[in-house]
Amino acid sequence: MKSNPLNKGISMTLAEKEGIVKGLAAAGIDRKIIDAVFNTAAEGCTKADNCAHKNPCNNYFKVSPEAMANLQKAMAAKGINPRTIPGISKLL
Amino acid sequence: MRFSRYNILTRKLNNGDYVLLNGLMGTLDIIDEEACEVILKHSDDECLKPDVLRLIAPLSGHFLERGYLTELSSDEEIDKARETALNLIKEQENNVWDVILVPNLGCNYRCTYCFEKEGGYPSLVMSREQVDAVFEIIKDKMKPGKESLTLYGGEPLAKENRELIEYIVDKGVSQGNTFFAVTNGHDLEHYMNLLGSDKISSVQITMDGPKELHDKRRIALDKSSSYDKILSNIERALRETDVSVKLRMNLDKRNAPFIMDFLDDLDRRGIINNPALFIAANPVVGIGELGLTHDDMRELEIKVEARYPQFHEMFMGRTMVSNEKILPALYFGVPVPLRVSVCSASDGMKVFTPDGCIYSCWSAIGRQEHVIGTYDERGNVNWDNGVLDRWKKTMVAFNEKCLGCKYAFLCAGGCHRPAINSEACASIYDCDYYHNLFEDYLARVTENYLATLNG
Numbered sequence: 006m007k008s009n010p011l012n013k014g015i016s017m018t019l020a021e022k023e024g025i026v027k028g029l030a031a032a033g034i035d036r037k038i039i040d041a042v043f044n045t046a047a048e049g050c051t052k053a054d055n056c057a058h059k060n061p062c063n064n065y066f067k068v069s070p071e072a073m074a075n076l077q078k079a080m081a082a083k084g085i086n087p088r089t090i091p092g093i094s095k096l097l
Numbered sequence: 191m192r193f194s195r196y197n198i199l200t201r202k203l204n205n206g207d208y209v210l211l212n213g214l215m216g217t218l219d220i221i222d223e224e225a226c227e228v229i230l231k232h233s234d235d236e237c238l239k240p241d242v243l244r245l246i247a248p249l250s251g252h253f254l255e256r257g258y259l260t261e262l263s264s265d266e267e268i269d270k271a272r273e274t275a276l277n278l279i280k281e282q283e284n285n286v287w288d289v290i291l292v293p294n295l296g297c298n299y300r301c302t303y304c305f306e307k308e309g310g311y312p313s314l315v316m317s318r319e320q321v322d323a324v325f326e327i328i329k330d331k332m333k334p335g336k337e338s339l340t341l342y343g344g345e346p347l348a349k350e351n352r353e354l355i356e357y358i359v360d361k362g363v364s365q366g367n368t369f370f371a372v373t374n375g376h377d378l379e380h381y382m383n384l385l386g387s388d389k390i391s392s393v394q395i396t397m398d399g400p401k402e403l404h405d406k407r408r409i410a411l412d413k414s415s416s417y418d419k420i421l422s423n424i425e426r427a428l429r430e431t432d433v434s435v436k437l438r439m440n441l442d443k444r445n446a447p448f449i450m451d452f453l454d455d456l457d458r459r460g461i462i463n464n465p466a467l468f469i470a471a472n473p474v475v476g477i478g479e480l481g482l483t484h485d486d487m488r489e490l491e492i493k494v495e496a497r498y499p500q501f502h503e504m505f506m507g508r509t510m511v512s513n514e515k516i517l518p519a520l521y522f523g524v525p526v527p528l529r530v531s532v533c534s535a536s537d538g539m540k541v542f543t544p545d546g547c548i549y550s551c552w553s554a555i556g557r558q559e560h561v562i563g564t565y566d567e568r569g570n571v572n573w574d575n576g577v578l579d580r581w582k583k584t585m586v587a588f589n590e591k592c593l594g595c596k597y598a599f600l601c602a603g604g605c606h607r608p609a610i611n612s613e614a615c616a617s618i619y620d621c622d623y624y625h626n627l628f629e630d631y632l633a634r635v636t637e638n639y640l641a642t643l644n645g
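Protein sequences, first through last, are from chains A and B.
Following the working numbering, the numbering of the first sequence begins with 6 at its first residue and continues without gaps.
Following the working numbering, the numbering of the second sequence begins with 191 at its first residue and continues without gaps.
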């Protein structure tokens, strides 16, 4: 009997998020595409955590389906398996 | 100890394993057939017997930690779901609004399925004083940033509104906002210099199929072909500006069989692969037998993907919304997000209309029973706390039936628009998807992910 986790049970920290962003950028994904998914911070917001914006700035889930689709397309086009990117593989 | 009532199990994957998702924890595992069989066989047991506990002993610590097993009774688990939902609501109570401006209620189209039909398309337009008042009201409630203001109608980008829209956009931009506009695209040629990443950065335009069908459903008042006009405007916007165009298709049994002809036309025009063009198909709901079932939509999705592989798992609006939840978990290992509402209509959305009303949802425009407040040209606001509270209570935390459902935090109670219009068969649409198709979707995207993993 086996059960292998595919994800974490708790939210990612800011440092972990930054690791993913760095890893995807290093793998050649357009920064704009990455930022649309991970860096949703409002311009001028300096609060790393618990910011007062309606969609909290570091809430990586508050991405649009289009932003996620774009990232997905970009990764597929470059043949990138995101889990082999150091910032991501370290998470798991 | 028992298996969580929020466990979601997929069909068998092509590698023989299964996906297990806990809808209350957002945890996602791949399990083998033996584990799957035990979970399925004992999912309704209120207390697992010693022989079952012995069987799952190697995994029980892991299952408990991940929420697949619980010490709580079934009712206690629902209480926990309620508490989780209330905590999520508290976390998002930050008094920041999603603001929708409706500069006019009139429209240059008479679409066959329009929600404004009953209201008679009143030709009300916001005055500059009203615009100033709205900006004064929202100034401390807004986040600066991309597409933080939405333009909606009527038809906001009608040529008659050009000066007013420029006035609104200038005001928003000076405060660090850009706009998202829901438009029919008919007069878009008059707005080219207002389109772009720093002004109106994104537009949603609906096209309902190839020319003959589209023109019968989306009828321009001047009787011109709306299809030719809109597509030519989209092509121009993509060529001359860096605006994002979200092309929406409202599908039912009448136009779905011809959707490939439309995509072929986009292909011929050379825009189907434009990175600034996003295509999403959505079923028209609440139209009885003319409505597409989810199976119909899936069939269509498969057909489209066969001809246009670039739309793999990215053609149906519903699939894209699921991608948004599941793909970050698969690709980046983060938890599947738990949500208590599908949009901010239940708390932060404020829709300002030119008749001085404020609504929680743009689909409620014109319905007096949904007016959450009124405003005047001096910026005074009177809220109706009763209506505000009614909207807040559309969240999952306040819906006993939803709270006991394993999909509660994925579906988030579904869209409440159909309920506004009392559409007979629409309220079950979200339930139908999650209960009948979500698990297959989860299996498919996991298979895709595993294929990427294995090179």
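Positions of the beta carbon are idealized from the N, C-alpha and C atoms, including for glycine.
By alpha-carbon positions, which one of the options ends up nearest to residue i?
i        : options                                : result
A/Lys42  : A/Met6, A/Ser8, A/Met80                : Before going further, note that residue 42 of chain A is Val rather than Lys in the sequence given. Here the closest residue by C-alpha is A/Met80.
B/Met585 : B/Val571, B/Val577, B/Gly603           : B/Gly603
B/Lys553 : B/Ala598, B/Phe542, B/Arg607, B/Arg529 : The question names Lys, but residue 553 of chain B is Ser in the sequence shown. Looking at the Cα atoms, B/Arg607 is the closest of the given residues.
B/Phe193 : B/Glu223, B/Tyr521, B/Leu230, B/Ile279 : B/Leu230
B/Leu291 : B/Leu262, B/Gly399, B/Gly213, B/Pro346 : B/Pro346
B/Tyr597 : B/Pro527, B/Trp287, B/Glu503           : B/Pro527
B/Glu559 : B/Leu385, B/Gly576, B/Asn570           : B/Gly576
B/Met332 : B/Asp360, B/Ile355, B/Gly366           : B/Gly366
A/Ile85  : A/Asp40, A/Ala30, A/Lys37              : A/Ala30
B/Leu632 : B/Leu214, B/Met215, B/Asp219           : B/Asp219
B/Asp572 : B/Ile562, B/Arg256, B/Asp234, B/Gly257 : Here residue 572 of chain B turns out to be Asn, not Asp, going by the sequence shown. Answer by Cα proximity: B/Ile562.
B/Ser338 : B/Lys349, B/Tyr498, B/Phe325, B/Gly213 : B/Phe325
B/Tyr205 : B/Leu214, B/Asp222, B/Leu211           : Correcting the residue identity first, residue 205 of chain B is Asn in this sequence and not Tyr. Ranking the options by Cα distance to B/Asn205, first place goes to B/Asp222.
A/Ile38  : A/Gln77, A/Arg88, A/Thr89, A/Pro91     : A/Gln77
B/Ile492 : B/Cys297, B/Leu517, B/Ala446           : B/Ala446
B/His484 : B/Glu629, B/Val363, B/Ser317           : B/Glu629
B/Val372 : B/Thr636, B/Tyr639, B/Leu341, B/Arg444 : B/Leu341
B/Glu489 : B/Ile449, B/Tyr521, B/Asp241           : B/Ile449
B/Phe452 : B/Arg426, B/Asn351, B/Arg497, B/Val474 : B/Arg497
B/Leu428 : B/Gly386, B/Met397, B/Val530, B/Asp330 : B/Gly386
Return the bridge partner residues of residue i from the DSSP annotation.
i        : result
B/Ile221 : A/Ser8, B/Tyr208
B/Ser506 : Going by the sequence as given, residue 506 of chain B is Met instead of Ser. Bridge partners of B/Met506: B/Ala471.
B/Gln394 : B/Val372, B/Lys436
B/Val289 : B/Leu339, B/Lys540
B/Thr564 : B/Cys547, B/Asn572
B/Arg300 : Note: B/Arg300 sits in no beta bridge, so no partner.
B/Ile192 : The question names Ile, but residue 192 of chain B is Arg in the sequence shown. The partner list for B/Arg192 (beta bridge, DSSP) reads B/Thr260.
B/Leu385 : B/Ile390
B/Asp197 : Reading the sequence as shown, one finds Asn at residue 197 of chain B and not Asp. According to DSSP, which records beta bridges pairwise, B/Asn197 is partnered with B/Asn212.
B/Val315 : B/Asn294
Identify, in the order they occur along the chain, each residue of the same chain with its Cβ nearer than 7 Å to the Cβ of residue i, setting aside the five sequence neighbours on each side.
i        : result
B/Thr302 : Arg407
B/Lys202 : Tyr208
B/Val359 : Phe369, Leu384, Lys389, Ile390
B/His625 : none
B/Arg256 : Asn212, Met215, Thr217, Asp219
B/Ala535 : Ser550, Cys551, Trp581, His606
B/Tyr258 : Phe193, Ser194, Asn197, Leu210, Asn212
Whose C-beta lies closer than 6 Å to the C-beta of residue i among residues of the same chain, with five residues either side of it excluded?
i        : result
B/Phe501 : Val494, Glu495
B/Cys615 : Confidence at B/Cys615 is low in this model, with a pLDDT of 47, below 50, so the placement of that residue is unreliable and no value is reported for it.
B/Asn374 : Tyr299, Glu345
B/Ser653 : For chain B, the structure presents residues 191 to 645; residue 653 of chain B sits outside this window and is missing.
A/Ser8   : none
B/Lys349 : Asp377, His380
B/Val541 : Ile290, Tyr549, Trp552
Among the residues of its own chain, which have a CB less than 8 Å from the CB of residue i, if the five just before and after it don't count?
i        : result
A/Phe66  : Below a pLDDT of 50, predicted positions are generally treated as unreliable, and A/Phe66, at 44, falls in that range; no measurement from the model is reported.
B/Ile409 : Tyr299, Arg300, Cys301, Thr302, Ser416
B/Gly507 : Arg438, Ala470, Ala471, Asn472
B/Leu424 : First, the residue type needs correcting, since residue 424 of chain B is Ile and not Leu in the sequence shown. The residues are Gly375, Leu378, Ile395, Val435, Leu437, Ile461, Leu467.
B/Leu245 : Val228
B/Leu314 : Asn294, Leu295, Gly296, Thr543, Pro544, Asp545
B/Arg634 : Glu503
| Are at least three pairs of beta-carbons, each pair with one atom in the region 266-276 of chain B and one in the region 593-602 of chain B, less than 8 Å apart? | In short, these stretches touch, since the Cβ pair count reaches three.
| task | Any chance you could list the beta strand (DSSP E) runs of at least 3 consecutive residues sitting entirely within the region 406-489 of chain B, in chain order? | result | Here the runs fully enclosed are 434-441, 467-473.
| field | Sufficient close CB pairs (3 or more, under 8 Å) joining the region 430-437 of chain B to the region 383-401 of chain B | value | The region 430-437 of chain B, when compared against the region 383-401 of chain B, does touch it at the 8 Å Cβ threshold.
| message | Would you call the region 563-570 of chain B in contact with the region 536-548 of chain B, where contact means no fewer than 3 C-beta pairs closer than 8 Å? | response | By the criterion of at least three beta-carbon pairs nearer than 8 Å, the region 563-570 of chain B is in contact with the region 536-548 of chain B.
| query | Any contact of the region 575-589 of chain B with the region 455-463 of chain B, i.e. 3+ C-beta pairs under 8 Å? | reply | Verdict: no, contact absent.
| task | Kindly provide the ranges of any alpha helix (DSSP H) runs that are 4 or more residues long and lie completely inside the region 579-624 of chain B, ordered along the chain. | result | Restricting attention to alpha helix (DSSP H) runs no shorter than 4 residues, the region 579-624 of chain B encloses them at 590-593, 598-601, 607-610, ordered along the chain.
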